[in-house]
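Trainee: Below: one structure in structure tokens.
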Amino acid sequence: MGFPRHRPRRLRTTPAMRRLVSQTTLEPRHLVLPMFVADGLDAPRDIESMPGVVQHTRESLRRAAADAVATGIGGLMLFGVPREDDKDATGSAGVDPDGILNRALRDLSRDLGDETVLMADTCLDEFTDHGHCGVVDASGRVDNDLTNRRYVELAVAQANSGAHMVSPSGMMDGQVVAIRDGLDAAGYTDTAILAYAAKFASGFYGPFRDAVGSSLQGDRRTYQQDPGNAREALHEIQLDIDEGADIVMVKPAMSYLDVVRAAADISPVPVAAYQVSGEYSMIAAAGEKGWIDLPTVVLESLAGIRRAGADVVLSYWAVDVARWLS
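For reference, each letter of the sequence shown is one residue, going 459 to 784 in my numbering.
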């Protein structure tokens, strides 16, 4: 009987050997923590569909953000949740300097300075009474170009409040170039753009809509992408790169790893991927049931996203993972 000359198991014999030849790294710096801050709360409020995640008050956000940054994660992505009676048809609470998101950005900017990368969700859906990501016309359709003008106002307000990076997530055509031109005209040439370049019309967003108290009526399929369209996703990504995006993102991550890989293959700028609320909640629920070993599966899921080509991963596990890795 012949014996195999090539024995890949030689490089798996010890933890030190496996560490030596590891091909995909996962470090705290690769991770961004999404956080929610809500107006009118006296104490943090649990999000029932996202175990372990809360809507913060401004003060609890400041404490949690400082703790998160101390773990060495790469950045924070901030979402604002206004009072219900502050919502309107055009999302004016998002533009208002005294709106909850802009106040919270100023808080964290003062507290943290340049110790982290402070990112802001540049979208209207949390602030509109209809729950869409843009301004709706008389026929009920989101008006692309009018929405882009609103996004410019949002981005400038967020940059003025201290955001290092604005993050248009509405999937409007031309949103990146509109925001880039608007930021530059306002003097914010150093404010970066993280473009949600390929955001799919996914069923995995359900818990997030609980987290932001979404008022959505209908769906978002006229602007978010068809889940089956990979070539279209690459077209969207290339358009955002051409328009000046500093980072391009694929959302969700785990069901779209082929798109993450394809984006990494063509992109000259960093690629991000968002492990979204539904992906988080499924893993969390299975962990609570004891059906999986939670840390093992979380680390495996994030390594898979990194292996597919993501330079940056947004995950609600970011702080937990940073602590496990340390």
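No residue lacks a Cβ here, since even glycine has one placed at the ideal position from N, Cα and C.
For the segment 637-723, list the alpha helix (DSSP H) runs that are entirely contained and at least 4 residues long, ordered along the chain.
Mentor: 664-669 and 688-701
Trainee: Taking the alpha-carbon positions, what's the residue 609 to residue 740 distance?
Mentor: 32 Å
Trainee: Does the distance from the CB of residue 684 to the CB of residue 666 come in under 9 Å?
Mentor: It is not a contact, given that the beta carbons lie outside the stated cut-off.
Trainee: Any idea if residue 675 is buried or exposed, counting beta-carbon neighbours within 10 angstroms, 16 or more meaning buried?
Mentor: exposed
Trainee: Which residues in the same chain have their Cβ closer than 6 Å to the Cβ of residue 526, if we skip the five residues on either side of it in sequence?
Mentor: 491 and 777
Trainee: In terms of residue numbering, what span does the alpha helix (DSSP H) encompassing residue 565 cover?
Mentor: 558-570
Trainee: Tell whether a beta-carbon distance below 9 Å holds between residue 680 and residue 626.
Mentor: no
Trainee: Which of the three DSSP states, helix, strand or coil, is assigned to residue 752?
Mentor: helix
Trainee: Look up residue 824 in the DSSP assignment and give the residues it is bridged to.
Mentor: Within the shown structure, residues of the chain are numbered from 459 to 784, placing residue 824 beyond reach of any answer.
Trainee: Using a Cβ-Cβ cutoff of less than 7 Å, which residues in the same chain neighbour residue 703 once the five nearest sequence positions on both sides are dropped?
Mentor: 634, 651, 653, 655 and 727
Trainee: How far does the beta strand (DSSP E) with residue 732 in it reach, from first residue to last?
Mentor: 729-732
Trainee: Please check the pair residue 585 and residue 562, which I expect to be a contact at CB under 8 Å, by giving their CB distance rounded to whole angstroms.
Mentor: With a Cβ gap of about 14 Å, residue 585 and residue 562 do not count as contacting.
Trainee: Can you have a look at residue 555 and say buried or exposed, based on whether 16 or more other CB atoms are within 10 angstroms of its CB?
Mentor: exposed
Trainee: Express the C-alpha separation of residue 686 and residue 460 in angstroms, rounding to a whole number.
Mentor: 47 Å
Trainee: Between which two residues does the beta strand (DSSP E) carrying residue 626 extend?
Mentor: For residue 626, the enclosing beta strand (DSSP E) starts and ends at 623-626.
Trainee: Might you give, ordered along the chain, the residues of its own chain that have their beta carbon closer than 6 Å to the beta carbon of residue 566, omitting 5 neighbours on each side?
Mentor: For residue 566, the CB contacts under 6 Å within the same chain, skipping 5 residues up- and downstream, are 523 and 576 in chain order.
Trainee: Alpha carbon to alpha carbon, how far is residue 559 from residue 770?
Mentor: Take the alpha-carbon of residue 559 and the one of residue 770: they are about 23 Å apart.
Trainee: Less than 9 Å separating the beta-carbons of residue 508 and residue 735?
Mentor: yes
Trainee: Just the Cα atoms here: how many angstroms apart are residue 521 and residue 629?
Mentor: 32 Å
Trainee: Output the boundary residues of the alpha helix (DSSP H) element that contains residue 576.
Mentor: Run containing residue 576: none in the alpha helix (DSSP H); it sits in the beta strand (DSSP E), 575-580.
Trainee: What residue from 738, 723, 532 and 497 has the CA that sits closest to residue 710's CA?
Mentor: Comparing Cα positions, the closest option is 738.
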